[in-house]
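Residue numbers (UniProt numbering): 1 to 121. What follows is a single structure, written as structure tokens, with notes after it.
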């Protein structure tokens, strides 16, 4: 029989915020674009996803997580892929969570002007 006593304990304390997220139980396709989605369809889906995020009690934690791990896909904490790229730069390398913006520094209401991207035309 396997000895599980040497395995690390659960990391629930790092992810507990997800348990009360407004998106919990919502179809994930609202937050992640299907292949080839562009233009008005993508904008409409992202706007609907952001509406869910705007009423979320853990929006800041979600956005902070996405920025900390440089989440490449989806809407997290009301931030689209382009929003996060504009905030953090185009580098896809990971940053330590301790270096990510904390809730007090993260201005989720700031207007983010993403750079034009030919893949989103």
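Even glycine gets a Cβ: it sits at the ideal position worked out from N, Cα and C.
Item to complete: Sort out for me which residues DSSP pairs residue 108 with in a bridge.
Response: DSSP, once it has assigned bridges, lists no residue as partnering residue 108.
Worksheet item: Would a C-beta distance cut-off of 9 Å place residue 61 and residue 17 closer than the cut-off?
Response: yes
Practice prompt. Thinking residue 54 and residue 67 are a contact (beta carbons under 8 Å), I'd like their distance in whole angstroms, please.
Written response: The Cβ separation is near 18 Å, so there is no contact.
Worksheet item: Whose C-beta lies closer than 6 Å to the C-beta of residue 50 among residues of the same chain, with five residues either side of it excluded?
Response: 78
Worksheet item: Which residue spans inside the UniProt domain "4Fe-4S Wbl-type" (22-86) form an unbroken alpha helix (DSSP H) run of at least 4?
Response: 39-54 and 59-68
Practice prompt. May I have the straight-line CA-CA distance separating residue 86 from residue 25, to the nearest angstrom?
Written response: 29 Å
Fill in: Nonlocal neighbours in the same chain, by C-beta distance under 7 Å from residue 73, ignoring five residues either side
32 and 81
Worksheet item: If residue 30 sits next to residue 48, beta carbons under 8 Å apart, how far is it from one beta carbon to the other, in whole angstroms?
Response: 6 Å
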